[in-house]
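A.B. asks: Got a structure here, written out as structure tokens. Questions coming.
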Amino acid sequence: MTAPSCADLRADVAAGRATAAETLSAAIRRAREVDTGADRLNVFVWRDDADARAQAEALADRLADTTPGPLLGVPVAVKDNIATLALPTTCGSRILEGYVSPYEATVARRLRDAGAVIVGKTNMDEFAMGSSTEHSAYGPTRNPVAPDRVPGGSSGGSAAAVAAGIVPLALGSETGGSVRQPAAFCGIVGVKPTYGRVSRYGLVAFASSLDQVGVFGRTVDDAARGLGVVAGHDPRDSTSAQIPVPDYTAAAGADVKGLVVGLPTEYFPASLDPAIRARCDAAIDRLRSLGATVKEVSLPHTSLAIPVYYIVAPAEASSNLARFDGVRYGLRLTGDGLRGMYDATRSGGFGPEVTRRILLGTYVLSAGYYDAYYRKAQQARTLIAGDFRRVFDSGVHVLFTPTAPSTAFPIGAISDPYEMYLSDIFTATANLAGVPAMSLPIGRVGGLPVGGQFLASHFDEPRMFAAAYALERALGGEAHA
Amino acid sequence: MTAAATAARDRWEMVVGLEVHVQLKTRTKAFCPCSAEYGAPPNANTCPVCLALPGALPVLNEHAVALATRAALALQCAVQPVSVFARKNYFYPDLPKGYQISQFDKPLALGGWVEIGRRAEGDPIRIGVTRVHMEEDAGKSVHDRFPGATAIDLNRSGVPLIEIVSEPDMRSAEQAGAYLRVLKQILEYIDVSDVNMEEGSLRVDANVSARRRGESALGTKTEVKNMNSFSGVERALEVEFARQVAVLEAGGTIEQQTMLWDGNAGEVRPARSKEGSHDYRYFPEPDLPPLILAADWIEQARHDLPELPAARRARFASEYHLGEYDVEVLTADAHVADYYESVARAHGEPKAAANWVMGEVLATLKSSGQDIARFRVRPADLAALLGLVRDGVVSHTAAKQIFSRMVATGDPPAQIAEREGLVKVDDDAQLAAWLDEVIAEHPDEAERLRNGEKKLQGVLIGAVMKKSKGRADPRKLTQLLSARLGS
Numbered sequence: 146m147t148a149p150s151c152a153d154l155r156a157d158v159a160a161g162r163a164t165a166a167e168t169l170s171a172a173i174r175r176a177r178e179v180d181t182g183a184d185r186l187n188v189f190v191w192r193d194d195a196d197a198r199a200q201a202e203a204l205a206d207r208l209a210d211t212t213p214g215p216l217l218g219v220p221v222a223v224k225d226n227i228a229t230l231a232l233p234t235t236c237g238s239r240i241l242e243g244y245v246s247p248y249e250a251t252v253a254r255r256l257r258d259a260g261a262v263i264v265g266k267t268n269m270d271e272f273a274m275g276s277s278t279e280h281s282a283y284g285p286t287r288n289p290v291a292p293d294r295v296p297g298g299s300s301g302g303s304a305a306a307v308a309a310g311i312v313p314l315a316l317g318s319e320t321g322g323s324v325r326q327p328a329a330f331c332g333i334v335g336v337k338p339t340y341g342r343v344s345r346y347g348l349v350a351f352a353s354s355l356d357q358v359g360v361f362g363r364t365v366d367d368a369a370r371g372l373g374v375v376a377g378h379d380p381r382d383s384t385s386a387q388i389p390v391p392d393y394t395a396a397a398g399a400d401v402k403g404l405v406v407g408l409p410t411e412y413f414p415a416s417l418d419p420a421i422r423a424r425c426d427a428a429i430d431r432l433r434s435l436g437a438t439v440k441e442v443s444l445p446h447t448s449l450a451i452p453v454y455y456i457v458a459p460a461e462a463s464s465n466l467a468r469f470d471g472v473r474y475g476l477r478l479t480g481d482g483l484r485g486m487y488d489a490t491r492s493g494g495f496g497p498e499v500t501r502r503i504l505l506g507t508y509v510l511s512a513g514y515y516d517a518y519y520r521k522a523q524q525a526r527t528l529i530a531g532d533f534r535r536v537f538d539s540g541v542h543v544l545f546t547p548t549a550p551s552t553a554f555p556i557g558a559i560s561d562p563y564e565m566y567l568s569d570i571f572t573a574t575a576n577l578a579g580v581p582a583m584s585l586p587i588g589r590v591g592g593l594p595v596g597g598q599f600l601a602s603h604f605d606e607p608r609m610f611a612a613a614y615a616l617e618r619a620l621g622g623e624a625h626a
Numbered sequence: 470m471t472a473a474a475t476a477a478r479d480r481w482e483m484v485v486g487l488e489v490h491v492q493l494k495t496r497t498k499a500f501c502p503c504s505a506e507y508g509a510p511p512n513a514n515t516c517p518v519c520l521a522l523p524g525a526l527p528v529l530n531e532h533a534v535a536l537a538t539r540a541a542l543a544l545q546c547a548v549q550p551v552s553v554f555a556r557k558n559y560f561y562p563d564l565p566k567g568y569q570i571s572q573f574d575k576p577l578a579l580g581g582w583v584e585i586g587r588r589a590e591g592d593p594i595r596i597g598v599t600r601v602h603m604e605e606d607a608g609k610s611v612h613d614r615f616p617g618a619t620a621i622d623l624n625r626s627g628v629p630l631i632e633i634v635s636e637p638d639m640r641s642a643e644q645a646g647a648y649l650r651v652l653k654q655i656l657e658y659i660d661v662s663d664v665n666m667e668e669g670s671l672r673v674d675a676n677v678s679a680r681r682r683g684e685s686a687l688g689t690k691t692e693v694k695n696m697n698s699f700s701g702v703e704r705a706l707e708v709e710f711a712r713q714v715a716v717l718e719a720g721g722t723i724e725q726q727t728m729l730w731d732g733n734a735g736e737v738r739p740a741r742s743k744e745g746s747h748d749y750r751y752f753p754e755p756d757l758p759p760l761i762l763a764a765d766w767i768e769q770a771r772h773d774l775p776e777l778p779a780a781r782r783a784r785f786a787s788e789y790h791l792g793e794y795d796v797e798v799l800t801a802d803a804h805v806a807d808y809y810e811s812v813a814r815a816h817g818e819p820k821a822a823a824n825w826v827m828g829e830v831l832a833t834l835k836s837s838g839q840d841i842a843r844f845r846v847r848p849a850d851l852a853a854l855l856g857l858v859r860d861g862v863v864s865h866t867a868a869k870q871i872f873s874r875m876v877a878t879g880d881p882p883a884q885i886a887e888r889e890g891l892v893k894v895d896d897d898a899q900l901a902a903w904l905d906e907v908i909a910e911h912p913d914e915a916e917r918l919r920n921g922e923k924k925l926q927g928v929l930i931g932a933v934m935k936k937s938k939g940r941a942d943p944r945k946l947t948q949l950l951s952a953r954l955g956s
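As they're listed, the protein sequences go chains A and B.
Using this note's numbering, you'd call the opening residue of the first sequence number 146 and step up by one each time.
Using this note's numbering, you'd call the opening residue of the second sequence number 470 and step up by one each time.
What follows is the structure, given as structure tokens:
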């Protein structure tokens with residue numbers, strides 16, 4: 146795939162060598178190819194090509210502006226759980242079928258203000274609950290690298306949109322790894338920023354204390370530019386930080402001499418697939434040869450992450466998803482009286498994985514169980530966050546780990562929910578601790594992409610990007626071989 | 470009540486704790502910029518946040534925090550430096566998020582009290598305030614507007630409330646009523662709420678139990694809801710207490726449940742749904758950071774607290790030398806007290822000002838149903854009128870006429886007196902002329918007065934006053950009459 150980068154597209158449009166309408170047309174052409182061609186990737190759930198074209202044409206006027214936006218003329222894809230004005234926002238769920246938001250998410254507005262054109266809404270595991278994009282009411286998405294395999298999830302549609310060369314940049318969302326894991330599976334870059342770095346206003350909530358909008362790019366630079374546009378304080382989100390947004394592209398050419406890279410032993414267990422370990426080792430050697438100091442560290446509470454995650458996230462989800470009750474919007478199925486309407490609507494509207502998590506969350510918050518589960522999980526979460534603080538306080542700048550314990554698995558291969566939950570084993574910690582993390586391609590195993598993960602301290606995205614830019618540059622073509 | 474029933478009743482003691490919800494007087498809602506005003510067309514005051522559209526997030530209204538803090542301080546509570554919002558989860562069509570943002574284990578304020586009177590021995594009766602916490606109101610379900618359907622109005626969804634939870638310190642329905650009246654007065658004084666039970670800006674749920682006199686352990690309580698007046702609360706408590714006593718006397722046990730008061734039937738009956746068995750699955754609201762209040766901010770709020778009713782009563786007694794009754798009447802309402810103070814200060818004679826405010830002003834307000842805030846007679850004008858009386862420019866009778874013209878027109882008193890010819894007449898010639906006419910018209914009475922029947926003096930003077938339309942100076946008139954008829 147030789148699709149142009151954000152920087153190239155923006156430069157071409159700003160210089161008049163191309164128009165936004167042309168860059169959009171290319172994206173639409175490619176989207177049609179992959180969604181209707183032999184592979185039927187099923188990337189987008191909602192597109193309105195005419196409306197997108199109208200938006201692109203309106204951008205021509207922007208050229209007269211003194212400062213063309215940083216994403217002028219760049220086509221982007223947006224996950225279906227981010228509120229957009231023209232297209233439906235359905236979270237891959239039947240319960241929101243036909244729902245069009247009357248307001249726009251802050252991130253969507255920031256993309257458009259920056260000159261980007263939203264091509265469509267991408268497929269996802271229903272309400273972002275899943276790691277394969279198989280649990281969508283609108284069918285599974287296929288991995289562009291290997292169409293018989295999953296693209297990862299829950300932001301699989303956005304990852305596939307970038308990996309298939311439709312767009313250079315896409316928005317996803319993370320609760321436990323839903324950007325990084327599909328980025329790893331599809332061989333692209335995926336960033337989960339620090340909790341509070343990006344506004345959640347308009348991101349349909351799954352687990353509010355973990356959710357964060359993330360970005361996919363074909364390259365580290367695409368992702369850095371995308372994050373720079375959507376990050377920043379939003380008065381409409383009380384959990385968004387009032388911290389200035391640095392220029393994440395500033396570290397593009399920086400070296401990593403003196404950078405201290407920690408390798409948490411818990412992320413390299415004996416059971417780790419040796420082929421994935423080999424790819425990580427090769428990346429670590431590159432970092433070392435670039436002048437970084439590499440040392441082993443320990444995050445002793447890592448094993449608590451999955452159990453803690455699967456208490457906290459469903460608990461918050463059980464409350465966040467209560468609003469889908471058939472009263473005001475979305476699906477309404479009739480039943481016997483009010484109670485019957487609730488039962489019919491929610492039973493008919495939510496798929497099995499969402500139902501499972503609502504039940505799990507309701508259970509752990511129930512009187513008599515709260516202390517044993519939810520309170521305990523919050524205490525364990527504090528321990529996990531403490532692990533990161535101690536390591537970063539000890540002089541370690543970034544951590545490097547594998548992103549996922551496996552490469553993309555075949556569609557339908559994992560039917561046991563708990564086995565599926567283990568896909569998040571190396572990613573959920575960052576969400577629980579609120580620290581930034583990103584995945585970038587570090588090579589392939591059996592033709593399938595492997596992702597390497599950098600994690601940094603709160604709001605230290607610049608150092609994380611510096612490490613990623615350097616590793617990407619050092620790996621060159623090896624990252625995709 | 471039969472003698473036996475009375476005796477049974479006397480063996481038991483009523484124990485009451487009250488939960489009072491009060492709507493805060495903010496311009497906008499608790500978590501979004503929508504207007505919090507009452508009475509807009511259905512669903513006019515709504516936005517993505519209070520409609521709970523997917524992806525919307527709450528942002529705390531700082532003014533609501535200020536008002537809640539003021540209320541907590543006025544109730545002598547310790548305002549907490551850190552309090553935490555929590556979600557109270559339950560399904561109901563007028564609760565759009567499926568949860569109410571409230572506070573649970575870390576409320577805004579703890580441990581206050583309200584003084585509701587004094588015991589015979591003189592000790593104050595204090596009712597403990599367990600906690601004051603902030604929360605949002607739900608919308609309204611309208612069942613009687615569309616046949617066979619329930620309509621939802623979400624204008625009220627997200628309006629800020631405080632819940633004031635008392636200790637189970639009240640021992641009678643009268644004490645519960647007194648607590649509510651004092652609470653309402655305090656909240657009015659500090660201007661945090663309209664405290665209007667009919668409009669729903671103040672709502673009361675009562676927890677009531679019965680225990681055998683002399684015992685210290687509390688009995689099983691029931692929660693009584695659906696009262697829409699303070700007297701309704703008192704009646705409901707009496708009825709529910711009698712029901713509990715009857716059950717206990719018969720050897721039964723009280724079931725912990727919610728009872729609904731039916732004011733028309735004068736009955737309580739169990740709520741259909743077992744609200745007491747709800748599991749609200751409280752957990753900290755992840756969309757809002759903990760509410761952190763700096764110590765100096767809390768101190769400033771304490772410093773800025775308006776004078777509370779008890780302090781004002783004490784000051785009225787000492788500063789204006791008013792009797793207990795006058796003080797009670799003048800301080801019952803903060804706006805009336807403000808009005809009185811303005812008149813008293815402008816006029817300089819507190820007792821005269823008190824008589825006028827308690828008399829003419831309150832009577833006029835009551836009979837016309839006006840609010841003192843919109844009363845046309847401003848304090849400065851009333852003080853001016855009192856000045857005209859004191860200075861002998863108008864008679865007391867004329868002053869009352871002038872006052873009623875002031876109520877109707879809002880004009881200043883001197884202007885009315887001039888225009889209506891109500892300035893007192895003390896001109897000897899005019900007074901003598903009126904007197905002559907009256908003596909001529911009442912020869913019989915004049916003769917009897919001349920013969921020493923003193924009480925007829927009043928009749929003749931009254932006739933002159935009437936003829937003069939109240940303008941005659943009564944003192945001078947009396948002198949003239951005495952001189953003329955030797956009375």
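Heads up, the beta-carbon is just placed ideally off N, CA and C, and yes, glycines get one too.
May I ask you to report which of helix, strand or coil DSSP gives ARG587 (chain B)?
C.D. replies: Correct three-state label for ARG587 (chain B): strand.
A.B. asks: Report the three-state DSSP secondary structure of MET486 (chain A) (helix, strand or coil).
C.D. replies: If DSSP states are grouped into helix, strand and coil, MET486 (chain A) belongs with the helices.
A.B. asks: Tell me which residues share the same chain as THR320 (chain A) and place their Cβ nearer than 7 Å to its Cβ, disregarding the 5 neighbours each side in the sequence.
C.D. replies: If we look at THR320 (chain A) and ignore the five residues flanking it on each side, its Cβ neighbours are ALA273, PHE351, ALA352, LEU355, ASP356, ALA458 and ASN576.
A.B. asks: For chain A, is any of its Cβ atoms less than 8 Å away from the one on PRO758 (chain B)?
C.D. replies: By this cut-off, PRO758 (chain B) is an interface position.
A.B. asks: Of the residues A:ILE456, A:VAL406, A:VAL442 and A:ILE240, which one's Cα is nearest the Cα of SER434 (chain A)?
C.D. replies: Closest option to SER434 (chain A), Cα to Cα, is A:VAL406.
A.B. asks: Considering only residues of the same chain and omitting the five flanking positions on each side of ASN676 (chain B), which have a CB-CB separation below 6 Å?
C.D. replies: Excluding sequence neighbours, ASN676 (chain B) sits near GLY486, LYS690 and GLU692.
A.B. asks: Could you compute how far the alpha carbon of MET146 (chain A) sits from the alpha carbon of ALA309 (chain A)?
C.D. replies: Confidence at MET146 (chain A) is low in this model, with a pLDDT of 46, below 50, so its placement is unreliable and no value can be given for it.
A.B. asks: What residues of chain E sit near GLY567 (chain B), judged by a beta carbon separation below 9 Å?
C.D. replies: No chain E is part of this structure, whose protein chains are labelled A and B.
A.B. asks: GLU461 (chain A) touches chain B at which residues, Cβ-Cβ below 7 Å?
C.D. replies: Under the 7 Å cutoff, chain B gives PRO755.
A.B. asks: Could you pull the start and end residues of the alpha helix (DSSP H) that LEU925 (chain B) belongs to?
C.D. replies: That run of the alpha helix (DSSP H) goes 925-936.
A.B. asks: What are the partner residues of GLU604 (chain B), as DSSP defines its beta bridges?
C.D. replies: According to DSSP, GLU604 (chain B) bridges with B:LEU630.
A.B. asks: If you follow the beta strand (DSSP E) that TYR568 (chain B) is part of, which residue opens it and which one closes it?
C.D. replies: First-last of the beta strand (DSSP E) with TYR568 (chain B): 568-572.
A.B. asks: Under a CB-based cut-off of 8 Å, is LEU526 (chain B) close to chain A?
C.D. replies: Yes, contact with chain A.
A.B. asks: Take ASN514 (chain B) and list the residues in its own chain whose beta-carbon comes closer than 6 Å to its own, dropping the five residues that flank it on each side.
C.D. replies: Within the same chain, ASN514 (chain B) has close Cβ partners CYS503, SER504 and ASN624.
A.B. asks: Looking at the structure shown, is ILE885 (chain B) part of a helix, part of a strand, or coil, going by DSSP?
C.D. replies: If DSSP states are grouped into helix, strand and coil, ILE885 (chain B) belongs with the helices.
A.B. asks: Which runs of the beta strand (DSSP E) spanning at least 3 residues fall entirely within the segment 478-548 of chain B, listed in chain order?
C.D. replies: Runs found: 481-492.
A.B. asks: For a test of the three-state rule: what should DSSP assign to ALA612 (chain A), helix, strand or coil?
C.D. replies: The answer is helix: DSSP assigns ALA612 (chain A) an H, G or I state.
A.B. asks: For the segment 525-540 of chain A against the segment 441-452 of chain A, are there 3 or more C-beta pairs whose distance is under 8 Å?
C.D. replies: Yes, the segment 525-540 of chain A touches the segment 441-452 of chain A.
A.B. asks: Can you tell which of B:ALA803, B:THR538 and B:ASP622 has its C-alpha closest to the C-alpha of LEU579 (chain B)?
C.D. replies: When each option's Cα is compared against that of LEU579 (chain B), the closest is B:THR538.
A.B. asks: Figure out for me which residue from A:THR490, A:TYR518, A:GLU461 and A:ARG484 has the closest Cα to the Cα of ILE503 (chain A).
C.D. replies: Per the Cα distances, A:GLU461.
A.B. asks: Measuring only between beta-carbons, confirm whether MET146 (chain A) sits less than 8 Å from chain B.
C.D. replies: Reliability fails at MET146 (chain A), whose pLDDT of 46 lies under 50, so the model's placement of it is uncertain and the value that follows must be treated cautiously. Not an interface residue.
A.B. asks: Against chain A, which members of the segment 725-751 of chain B pass a CB distance test of less than 9 Å?
C.D. replies: Here the close residues are ASP748, TYR749, ARG750 and TYR751.
A.B. asks: Report the CB separation of ALA547 (chain B) from LEU577 (chain B) in whole angstroms; it is logged as a contact under 8 Å.
C.D. replies: Not quite, the Cβ-Cβ distance comes to about 10 Å (not below 8 Å), so this is no contact.
A.B. asks: Please list the partners that LEU435 (chain A) has in chain B, where partner means a Cβ-to-Cβ separation under 9 Å.
C.D. replies: What LEU435 (chain A) touches in chain B: nothing, since even the nearest Cβ is about 39 Å away.
A.B. asks: Can you check DSSP and say which residues form a bridge with GLU556 (chain B)?
C.D. replies: Correcting the residue type first, residue 556 (chain B) is Arg in the shown sequence and not Glu. B:ILE570 and B:PHE752, per the DSSP bridge assignment.
A.B. asks: Check VAL894 (chain B) in the structure and name its three-state DSSP category.
C.D. replies: Correct three-state label for VAL894 (chain B): strand.
A.B. asks: May I have the straight-line CA-CA distance separating ASP400 (chain A) from GLY362 (chain A), to the nearest angstrom?
C.D. replies: Rounded to the nearest angstrom, the two C-alpha atoms are 21 Å apart.
A.B. asks: Can you find a heavy atom of the ligand NAP that lies under 7 Å from the Cβ of PHE361 (chain A)?
C.D. replies: Judged by which ligands are present, the structure shown has none, so any question about the ligand NAP falls away.
A.B. asks: Under the DSSP definition of a beta bridge, which residues are partnered with ILE621 (chain B)?
C.D. replies: Note: ILE621 (chain B) sits in a beta bridge opposite B:SER610.
A.B. asks: Could you say which of A:LEU216, A:THR235 and A:VAL264 lies nearest to ALA222 (chain A) if we only look at CA atoms?
C.D. replies: Cα-wise, what sits closest to ALA222 (chain A) is A:VAL264.
A.B. asks: To the nearest whole angstrom, what separates the beta carbons of ALA201 (chain A) and VAL262 (chain A), a pair I think is in contact under 8 Å?
C.D. replies: That belief holds up - the Cβ atoms of ALA201 (chain A) and VAL262 (chain A) are roughly 5 Å apart, short of 8 Å.
A.B. asks: Contact criterion: CB-CB distance below 8 Å. Does GLU761 (chain B) meet it with respect to chain A?
C.D. replies: Per the sequence presented here, residue 761 (chain B) reads as Ile, with Glu not at that position. Output row for ILE761 (chain B): interface = no.
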